[in-house]
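Residue numbers (this note's numbering), protein chains in the order written: chain A, 1 to 195; chain B, 1001 to 1178.
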């Protein structure tokens, strides 16, 4: 009887492990980063608004920018020494699609020119200023505004939880914190891209 | 010797038991309940409130320092006028006095509007986190007790103040807690 219970246990284990995947095509890899369940795309709701934070690893950036990339070029670009941590942030209105298109001049000026100093990245006890900032207004094409944010942490290897802090001064949100968790970041190491 | 058919049956039985246990867990998790929260404690222990209180106090202190130094300057000028009685000093005193009252009113108004703005920001985030907590736990209603709220009796299990405080503080710090 013991043999058969072991057999059941092994067959259950085989069933579980056969479901985990670690080899991805370029498209699957990019999709993995857009799946909220994987923790690289985190949503934070405040009232009618949503903040969508996406972490873009170096591999993700390379693959996204180069649709027909080969293995050699991928490795070459990977080895280039860029240490900027890139995040994208989207601000959406879940109820009124027009409210974001009709930004007040004060809000537009703030988001275009002054908000960069109100974005910080918190990694453990370090607070890092934003070194790359780009605000993209949606001009009636959608109900979301996009931000491209860059930070330069020292020796970051996808091994620590980090928190984006937006100390909003005009929008009425106040202090907005969104984290990308360590446990999710560590999953990136197990992703192998097949090119 | 157990046949292949029995192994399959054993596998099926194991899967059925797992599904049954899962179903029971989901059933109890989704059971709608009514819980109670100490609103005063929840509000006082909300980290966002504590952060903004510190920020407001620092701004108010800076403004108070400006008003205090203007007041000292006015007192010194007043003494000087009493001895010298020069027209230029009297004019300077009047100008400074006027500026002092304008500044004082401005600061009172700014302090009030800053506090109101912070209260709105706190309420907005608190409301969102409480909603997410209730949805996650399958809670039907959260009844507040504390200062102006009355709950005459509730079992300890129904008081979720500590659990909710932990949840809202983790959410405020950025955790997704899906």
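Beta carbons are placed, not taken as given, at the ideal position from N, Cα and C, and that holds for glycine.
Keep in mind that this is a model prediction, so the values were computed, not measured.
> Can you list, in chain order, the stretches of the beta strand (DSSP E) that have 3 or more residues and sit fully within the stretch 129-158 of chain A?
Replying inline: List check, beta strand (DSSP E) in window: 132-136 and 144-151.
>> Please report whether the beta-carbon of residue 50 of chain A lies at a distance below 8 Å from any beta-carbon of chain B.
In response: So, not an interface residue.
> Which residues, in chain order, does the stretch 36-47 of chain A contribute to contact with chain C at a C-beta distance below 9 Å?
Replying inline: Absent from the structure: chain C. Protein chains present are A and B.
> For the putative contact between residue 180 of chain A and residue 40 of chain A, defined by C-beta atoms under 8 Å, what is the C-beta separation to the nearest angstrom?
Replying inline: Between residue 180 of chain A and residue 40 of chain A a beta carbon distance of about 7 Å is seen, short of the 8 Å cut, so the two are scored as contacting.
> If residue 1146 of chain B sits next to residue 1039 of chain B, beta carbons under 8 Å apart, how far is it from one beta carbon to the other, in whole angstroms?
Replying inline: Going by Cβ atoms, the distance from residue 1146 of chain B to residue 1039 of chain B rounds to 4 Å, so yes, they are a contact pair.
> If residue 86 of chain A sits next to residue 150 of chain A, beta carbons under 8 Å apart, how far is it from one beta carbon to the other, in whole angstroms?
Replying inline: Separation of the CB atoms of residue 86 of chain A and residue 150 of chain A is rounded to 6 Å, and the pair is thereby assigned contact status at 8 Å.
> Can you name the residues that DSSP bridges to residue 1038 of chain B?
Replying inline: DSSP lists B:1145 as partners of residue 1038 of chain B.
> Name the chain B residues that come within less than 9 Å of residue 179 of chain A, Cβ to Cβ?
Replying inline: Per Cβ cutoff of 9 Å: 1173, 1174, 1175 and 1176.
> Roughly how many whole angstroms lie between the Cα atoms of residue 144 of chain A and residue 188 of chain A?
Replying inline: When rounded, the distance between both Cα atoms is 28 Å.
> Three or more beta-carbon pairs under 8 Å between the stretch 1065-1078 of chain B and the stretch 1112-1131 of chain B, yes or no?
Replying inline: Between the stretch 1065-1078 of chain B and the stretch 1112-1131 of chain B there are fewer than three C-beta pairs closer than 8 Å, too few to call the two in contact.
> Could you give the residue range of the alpha helix (DSSP H) that holds residue 1186 of chain B?
Replying inline: What the structure shows of chain B is the stretch from 1001 to 1178, and residue 1186 of chain B is not part of that stretch, so it cannot be assessed.
>> If we define contact as Cβ-Cβ less than 8 Å, is residue 1124 of chain B a contact residue for chain A?
In response: Put simply, the CB of residue 1124 of chain B is near chain A, with a gap under 8 Å to one of its CB atoms.
>> Whole angstroms are fine: how far does the CA of residue 84 of chain A sit from the CA of residue 153 of chain A?
In response: Distance between residue 153 of chain A and residue 84 of chain A, taken at the CA atoms: about 7 Å.
>> Against chain B, with Cβ distances strictly below 8 Å, would residue 173 of chain A count as a contact?
In response: Look at residue 173 of chain A: its C-beta is under 8 Å from a C-beta on chain B.
> Between the C-alpha atoms of residue 1052 of chain B and residue 50 of chain A, what's the straight-line distance to the nearest angstrom?
Replying inline: Those two C-alpha atoms are separated by around 22 Å.
>> What does DSSP give as the partner residue(s) for residue 211 of chain A in the beta ladder?
In response: As displayed, chain A neither begins before 1 nor continues past 195, which places residue 211 of chain A out of reach and without an answer.
> Relative to the alpha-carbon of residue 1156 of chain B, which residue among B:1004, B:1037, B:1018 and B:1013 has its alpha-carbon at the smallest distance?
Replying inline: B:1037 is the residue among B:1004, B:1037, B:1018 and B:1013 whose C-alpha sits nearest the C-alpha of residue 1156 of chain B.
> Excluding sequence positions up to five away, which residues of its chain have a Cβ less than 6 Å from the Cβ of residue 111 of chain A?
Replying inline: Within its own chain, the residues whose Cβ lies closer than 6 Å to the Cβ of residue 111 of chain A, once the five positions on either side in sequence are excluded, are 135, listed in chain order.
> Within the chosen definition, does the stretch 30-48 of chain A reach the stretch 105-124 of chain A through at least 3 CB pairs nearer than 8 Å?
Replying inline: Note that the stretch 30-48 of chain A does not touch the stretch 105-124 of chain A; fewer than 3 beta-carbon pairs, one per stretch, sit closer than 8 Å.
>> Whether or not the stretch 1101-1114 of chain B and the stretch 1054-1073 of chain B are in contact is what I'm after, with contact meaning three or more pairs of Cβ atoms, one per stretch, closer than 8 Å; do they touch?
In response: Counting C-beta pairs closer than 8 Å gives three or more between the stretch 1054-1073 of chain B and the stretch 1101-1114 of chain B, which meets the contact rule.
>> In the DSSP output, which residue or residues are listed as bridge partners for residue 24 of chain A?
In response: Residue 24 of chain A is bridged to A:193.
> Between residue 168 of chain A and the rest of its own chain, which residues show a CB-CB distance below 7 Å, the 5 nearest in sequence each way excluded?
Replying inline: The beta carbon of residue 168 of chain A sits closer than 7 Å to those of 118, 174 and 176, all from its chain and outside the five residues before and after it, given in chain order.
>> Taking the alpha helix (DSSP H) that residue 179 of chain A belongs to, which residues open and close that run?
In response: Per DSSP, residue 179 of chain A lies in no alpha helix (DSSP H) segment; the continuous beta strand (DSSP E) that holds it begins and ends at 175-180.
> Does DSSP put residue 183 of chain A in a helix, in a strand, or in coil?
Replying inline: The answer is helix: DSSP assigns residue 183 of chain A an H, G or I state.
> chain B partners of residue 163 of chain A, CB-CB under 8 Å?
Replying inline: 1173 and 1174, listed in chain order.
> Does DSSP put residue 79 of chain A in a helix, in a strand, or in coil?
Replying inline: Residue state for residue 79 of chain A is assigned as helix, using DSSP reduced to three classes.
> Out of curiosity, what's the CA-to-CA distance linking residue 1177 of chain B and residue 1136 of chain B?
Replying inline: Pairing residue 1177 of chain B with residue 1136 of chain B, the inter-Cα distance amounts to about 9 Å.
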